[in-house]
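Written out below as structure tokens is the structure these notes cover.
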Amino acid sequence: MSEQQKQAKNNEVASKNDGPLVTEKGKTSIAGVVVAKVAGIATREVSGVYDLGGGTARALGSLRERIPGSKTNLSQGVAVEVGEKQAAVDLEIVADYGVAIADLAAGIRRNVIDSVERMTGLEVVEVNITVHDVHLETEKDDEPAKEEQVQEPAPAPVSSDRLEATNGQQQDKPEQQADRVARTVLAVDGVHSLHGGAMGEVGTYLPGRRVAGIRIKDQACEVHVSLEWNSNIHATAQAVRDALRPEFPGAVDVFIEDVLEPENA
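Sequential numbering of the sequence shown, starting at 4, is according to this note's numbering.
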């Protein structure tokens, strides 16, 4: 895709800011990594896809996977543009030899569009696919056998029950409110954990501790979360707003920072 085409696509996607993720009660923001993960997993599910990414990306991914405890980069070979209402996806793949590439591309396109639209509520305006190579069954991988990987436990949700005030002091009103919001959000089906943001910058700072993923200002609230895989992002974000409505009748902005990878990914 040329630079002019990319710019035109960016403008088209970015100009759509009146979608179902923006409501009078608050907006839902979906991080690009979430859409990329969903698209990457949906692509790998299609029979005939050997791998994702160009040569350099696959080489780096191979090195990364040799590190004990590391995981497959599910967004490898995936580039996305995400607006308020629409998303566009670019994929780079390696196909199995003998597969009809036109049929494979059509199957990938269907699965990616279905998965992204079902989980995020965004309209997928296009899925561009670049086939970098075909893989022969007789080809031997240059990489040595991978060491047995140790599965690290998923990070525990940030729960206010585990956050204690220092020196046994009585919690004040802001402290109680942040903890109450955290408990309410974590109780919503589909929410895996609170998320501190890309740089760990999101949180409510309290004496001696911090509640990550929650920002409270006046009568408004900002919530950053990671979701369970296969959760409907739009429905889950609305459920978070509904749960917090008694405390915040105004706007509640929900930021989807990540999705928990499926166990068989």
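Where is the CB? At the ideal position from N, CA and C, for every residue including glycine. Keep in mind the model is a prediction, meaning the values are calculated, not measured.
Nearest to residue i (by Cα), restricted to the options the options
| i | options | result |
| --- | --- | --- |
| L230 | H237, S196, A34 and L139 | S196 |
| G51 | V255, A190 and V137 | V137 |
| V257 | R112, V243 and D182 | V243 |
| G29 | C224, G200, V262 and S234 | C224 |
| T187 | V228, L209, D106 and Y208 | V228 |
| Y53 | A108, T31, V41 and E27 | A108 |
Within 7 Å, strictly: CB atoms of residue i and residue j
| i | j | result |
| --- | --- | --- |
| V49 | G110 | yes |
| V134 | I104 | yes |
| Q89 | E126 | yes |
| E129 | A91 | yes |
| E87 | L24 | yes |
| L94 | V83 | no |
| A339 | V191 | The structure shown has nothing for residue 339, since the chain only spans 4 to 268. |
Residue interval of the beta strand (DSSP E) (run including residue i)
| i | result |
| --- | --- |
| T141 | Run containing T141: none; DSSP gives neither H nor E here. |
| D256 | V255 to V262 |
| H237 | H237 -> not in any beta strand (DSSP E); alpha helix (DSSP H) instead, spanning I236 to L247. |
| V214 | R212 to A215 |
| V194 | V194 to L197 |
Residue range of the alpha helix (DSSP H) that includes residue i
| i | result |
| --- | --- |
| V52 | No alpha helix (DSSP H) holds V52; the beta strand (DSSP E) holding it covers V52 to L55. |
| L107 | I104 to T123 |
Three-state secondary structure assigned by DSSP to residue i
| i | result |
| --- | --- |
| D93 | strand |
| Q172 | Reliability fails at Q172, whose pLDDT of 44 lies under 50, so the model's placement of it is uncertain and the value that follows must be treated cautiously. Three-state DSSP puts Q172 in coil, outside helix and strand. |
| S78 | coil |
| A223 | strand |
| G43 | helix |
Assigned exposure category for residue i - 16 Cβ within 10 Å defines buried
| i | result |
| --- | --- |
| R112 | buried |
| S78 | buried |
| G253 | exposed |
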